[in-house]
Every structure is written in C-alpha cells, then in structure tokens.
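Using the working numbering, the first residue of the sequence shown is number 30, and each one after it goes up by one.
Report on one structure; see the data block that follows.
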Amino acid sequence: MKKRLIALLLLCICFLCACNRDSEETVTADLTKDVLKLADGKSIDQLNYFNRTVYQLEDGTELLSVQAPSGPNNVYVGGIESFDDLGEAAQAQVLSYYNNQSLLYDVNIELERAYSNYKNAENKSEFSAYFLSQNIAPTSSNKKVMYFLTSAMLPIEGNHGYEIRLGAAFNRETGEHIGNWELFSCTEEEAKQAMLDIAGIIDPVLRAEMEAAFKPEQIILFTDHLEISFGEGTLPSQVQSTLLALDFEDDLCEILNEWSIPKRTE
C-alpha cells in the first residue's frame, strides 16, 4: 500500500490576492464610508469589487480582503461530476446543508486581529492585509454518492495563513447528507485505527494525538485516494497542518462499503 504523509508548510501565500488585485487595478470599486466601527471606535470603510470585499481605514490602509465565497454550485473540476449533475431536489438539499454550515470564519474577528497587528507594527509600511476565502468544490462521485470539499483560508498574520478542509458526502438521488462514518463497513473506532495503520503512524505520541483529534468531517474522498486532514493546532506535536493520503488499495477498500468508493477518472 502506498502511503503518503504530507506536512503542509506554513502557507507563505499571497492567498491568490496578488493576481486578483493586479487584475482589479483598473476596476472602479464601490466605496462605502464608515461601514462599521472597531472595538476602539476606529471607523472602517468598505470597498466592493467584483469578487472580493476590502475593509480599510479612513486613510486607505487595507486591513482585510475577503474573497467572495464560491460553490457548491458553479464550481467545476476537470474530469469530476459537478453539482449540476444532481437533480433539482438533490441540489436543494445540498445547498441547504451548506447554507447551514455557513462561513468557517468571522469577518469581524479577523478584522480586529488585522487592525491590532497593524497598530502594533513597528514599520506600518510593511503591513500586509489579512485575507479570507472559502470555496466548496466536488472531489469525486459514483452512482450513489457525490463528495464535496470545503476549503477555507484563514490568516495567521498578513499573507501567512492556514487552511481548514472539510469533507462531506451526499446521496446523489436525494441530496441527503451521509455521515462520513457511514461510508465504512466497520465501527468508527475500527475505521480510525485501520486508517492510521495504513498511513503508517507508529509514533505513539503522534498517534495518540491523531486519535484524539480525529473527526469525521476531516475525511475527504477524492477519485484516487482518501484524505484525512488535521488542521493547524489540532495536533500539539505538529507545528503545521498535516494531511494523510491513503490510496484506494485493498487494505483501505476492505474497510469501506463498496457503494462508497468513488469511481476513478479516466
């Protein structure tokens, strides 16, 4: 069984901002003055672009850029069925699920964090605006199930950030959400232990941390592998986010219900 343990580097990301901002330099944004006030009474203005919203101080200093959320509809991945391939009733159920999930971040909290960082910066000219995004995209499917991934990018400081990854499964006929433990032919505990065995996690400290942090929404099914995503801060011994990627080979397929295994792309 091929096993992959991927440690995500702290994302020194321009968070996709650079390209977006470059393309928007010639676009006129709608400015709303004094849209809100921070905890200390500081006034914040809002700039609305086509696909992002910028929160800035009265002097034009950008504190926070928020990319418009996308998906699960109108998001397409090459070679993978999309939201459009579901019937209307199923689409309505999937949309309802994600409307209830809502955003995985709080704009006001991140704006206060960005402002605090800006105020405390020794060289304010080097301050980089915080960035937020959330996207929902299909990852795989078969005759019974369609799988989606929610990916949210949150800032640590400026352009440095981390990702939250959540997987979800839906009955493609009804749109009913299927709990991720239901995808397995064994118990929850047996599934956890088997997946950690397959991933080759033998360090006792790391394994204990993963067992404690393991939640069903961390399981994401792609066309050729199953991913387990441990976000930053969930594993005390790990500085960064950690992904386990398990190929759909015999030992993994043995613990999955046959109907849950995604079809391979050509």
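Beta carbons: idealized from backbone N, C-alpha and C, even for Gly.
Keep in mind the model is a prediction, meaning the values are calculated, not measured.
**Message:** Using a Cβ-Cβ cutoff of less than 8 Å, which residues in the same chain neighbour G187 once the five nearest sequence positions on both sides are dropped?
**Reply:** What you label residue 187 is simply residue 158 of the sequence shown in a count that begins at 1. Residues of the same chain with a CB within less than 8 Å of the CB of G187, apart from the 5 flanking positions on each side, are N146, F156, S157, A158, Y159 in chain order.
**Asked** At which residues does the beta strand (DSSP E) containing L93 begin and terminate?
**Response** Against the sequence shown, residue 93 aligns to sequence position 64. Per DSSP, L93 belongs to the beta strand (DSSP E) from 91-96.
**Prompt:** Would a C-beta distance cut-off of 8 Å place T216 and A242 closer than the cut-off?
**Reply:** Position 187 of the sequence shown, counted from the first residue, corresponds to residue 216. Position 213 of the sequence shown, counted from the first residue, corresponds to residue 242. Cβ atoms of T216 and A242: not closer than 8 Å.
**Request:** Answer yes if the segment 161-181 comes into contact with the segment 106-113, meaning at least three C-beta pairs across the two stretches below 8 Å, and no otherwise.
**Result:** Yes: at least three Cβ pairs fall under 8 Å.
**Asked** Less than 8 Å separating the beta-carbons of Q269 and E256?
**Response** Taking the first residue of the sequence shown as position 1, residue 269 is located at position 240. Taking the first residue of the sequence shown as position 1, residue 256 is located at position 227. Inclusion of Q269 and E256 in the CB contact set at 8 Å is not warranted, their separation being larger than that value.
**Message:** Could you tell me which whole alpha helix (DSSP H) segments of length 4 or greater appear in the segment 200-283?
**Reply:** Qualifying alpha helix (DSSP H) stretches, in chain order: 217-227, 233-242, 279-282.
**Request:** Answer yes if the segment 218-230 comes into contact with the segment 281-294, meaning at least three C-beta pairs across the two stretches below 8 Å, and no otherwise.
**Result:** Below 8 Å, enough C-beta pairs join the segment 281-294 and the segment 218-230 to call them touching: three or more.
**Contacting residues, own chain, Cβ-Cβ under 7 Å from R236 (five flanking each side not counted)** = Here residue 236 refers to the residue found at position 207 of the sequence shown. L225, I230, listed in sequence order.
**Item:** N49 versus S94 - alpha carbon distance
**Value:** Here residue 49 is taken as the residue at index 20 of the sequence shown, counted from 1. Here residue 94 is taken as the residue at index 65 of the sequence shown, counted from 1. The predicted position of N49 is uncertain, since its pLDDT is 45 and thus under 50; no value can be drawn from it.
**Asked** Taking C-alpha atoms, which residue in G70, S99, S154 lies nearest to T90?
**Response** Counting from 1 along the sequence shown, the entry for residue 90 is found at position 61. The option with the nearest alpha carbon to T90 is S154.
**Request:** Measure the beta-carbon distance from T61 to Q122 and round it to whole angstroms, keeping in mind my assumption that it falls under 8 Å.
**Result:** Looking up residue 61 in the sequence shown gives position 32. Looking up residue 122 in the sequence shown gives position 93. So it is not a contact: roughly 35 Å between Cβ atoms.
**Asked** Opposite E151 in the DSSP bridges: which residues?
**Response** Within the sequence shown, residue 151 is the residue found at index 122, counting from 1. Partner(s): none; E151 has no beta bridge.
**Item:** Spatial neighbours of A118 in its chain, beta-carbon cut-off 8 Å, leaving aside the 5 residues before and after
**Value:** Translated into the one-based positions of the sequence shown, residue 118 becomes position 89. Within the same chain, A118 has close Cβ partners T203, G204.
**Message:** Check whether the segment 76-86 and the segment 95-107 touch, using three or more Cβ-Cβ pairs below 8 Å as the test.
**Reply:** The segment 76-86, when compared against the segment 95-107, does touch it at the 8 Å Cβ threshold.
**Asked** Quick one, are the C-beta atoms of T179 and F251 less than 8 Å apart?
**Response** For the purposes of this step, residue 179 is taken as residue 150 along the sequence shown, with counting starting at 1. For the purposes of this step, residue 251 is taken as residue 222 along the sequence shown, with counting starting at 1. 8 Å or more divides the Cβ of T179 from the Cβ of F251.
**Item:** Length of the line joining the Cα atoms of V136 and L86
**Value:** Position 107 of the sequence shown, counted from the start, is the residue given in the question as residue 136. Position 57 of the sequence shown, counted from the start, is the residue given in the question as residue 86. Each residue's CA atom was taken as its position, placing V136 and L86 some 15 Å apart.
**L140 beta carbon less than 8 Å from that of L92** = Against the sequence shown, residue 92 aligns to sequence position 63. Against the sequence shown, residue 140 aligns to sequence position 111. Yes, the Cβ-Cβ distance between L92 and L140 is below 8 Å.
**Prompt:** Could you give the distance in angstroms between the alpha-carbon of G196 and the alpha-carbon of P291?
**Reply:** Start at 1 with the first residue of the sequence shown, and residue 196 comes out as number 167. Start at 1 with the first residue of the sequence shown, and residue 291 comes out as number 262. Approximately 14 Å, taken between the alpha carbons.
**Item:** Where the beta strand (DSSP E) through N77 begins and ends
**Value:** To locate residue 77, count along the sequence shown from 1; it is residue 48. It spans 72-77 - the beta strand (DSSP E) in which N77 sits, taken as one unbroken run.
**Same chain, Cβ closer than 8 Å to W210, neighbours up to 5 away in sequence not counted** = Sequence index remark: in the sequence shown, residue 210 carries index 181 (1-based). E217, A220, P245, listed in sequence order.
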